[in-house]
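Structure, as structure tokens:
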Amino acid sequence: MTCGLDGKNRTTDSLTYKEFRNQGPSAATSGRVDWVGYKTVSNPEELQRFTIYMVDRGTRNELEQQNVMFEVYLG
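What follows is the structure, encoded as structure tokens:
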């Protein structure tokens with residue numbers, strides 16, 4: 012599969028998609044995609060680099076200005 016919101020042609024092999032502490036009716040991961048970068052994770056330390064805290068401060072400011080709710084750290 013190819014994709015790219017920036018107009019570039021990329022494969023799903025270049026994506027990273029992590030799931031952590033899923034809850035609710037669609038939480039079961041058995042039917043998820045089989046992409047190389049897809050993974051369910053149980054260790055929060057493995058996900059820390061993907062949190063909003065690791066995004067540059069300018070982006071966090073922009074999200075705050077647009078009233079986008081987010082958690083800075085994994086709980």
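Counting in our numbering, the sequence shown runs from 12 upward without gaps.
Just so it is clear, CB atoms sit at the ideal spot from N, CA and C, and this is done for glycine as well.
*Apart from the five residues on each side of it in sequence, which residues of its chain come closer than 6 Å, Cβ to Cβ, to Gln77?*
Position 66 of the sequence shown, counted from the first residue, corresponds to residue 77. Excluding positions up to five away in sequence, the list is empty.
*May I ask which residues mark the beginning and end of the alpha helix (DSSP H) holding Thr70?*
Walking along the sequence shown from the start, residue 70 turns up at place 59. First-last of the alpha helix (DSSP H) with Thr70: 68-76.
*Spell out the partners DSSP gives Val52 in its beta bridges.*
Numbered from 1 along the sequence shown, position 41 holds the residue referred to as residue 52. Its beta-bridge partners are Phe31.
*To the nearest whole angstrom, what separates the beta carbons of Phe31 and Leu58, a pair I think is in contact under 8 Å?*
Start at 1 with the first residue of the sequence shown, and residue 31 comes out as number 20. Start at 1 with the first residue of the sequence shown, and residue 58 comes out as number 47. With a Cβ gap of about 5 Å, Phe31 and Leu58 count as contacting.
_Considering Cα atoms alone, identify which of Gly69, Ser53, Gly48, Arg68 is closest to Thr23._
Taking the first residue of the sequence shown as position 1, residue 23 is located at position 12. If we check each option's Cα against that of Thr23, Gly48 comes out closest.
*Measure the beta-carbon distance from Thr51 to Thr40 and round it to whole angstroms, keeping in mind my assumption that it falls under 8 Å.*
Counting from 1 along the sequence shown, the entry for residue 51 is found at position 40. Counting from 1 along the sequence shown, the entry for residue 40 is found at position 29. Yes, they are in contact, since the Cβ atoms of Thr51 and Thr40 sit about 5 Å apart, within 8 Å.
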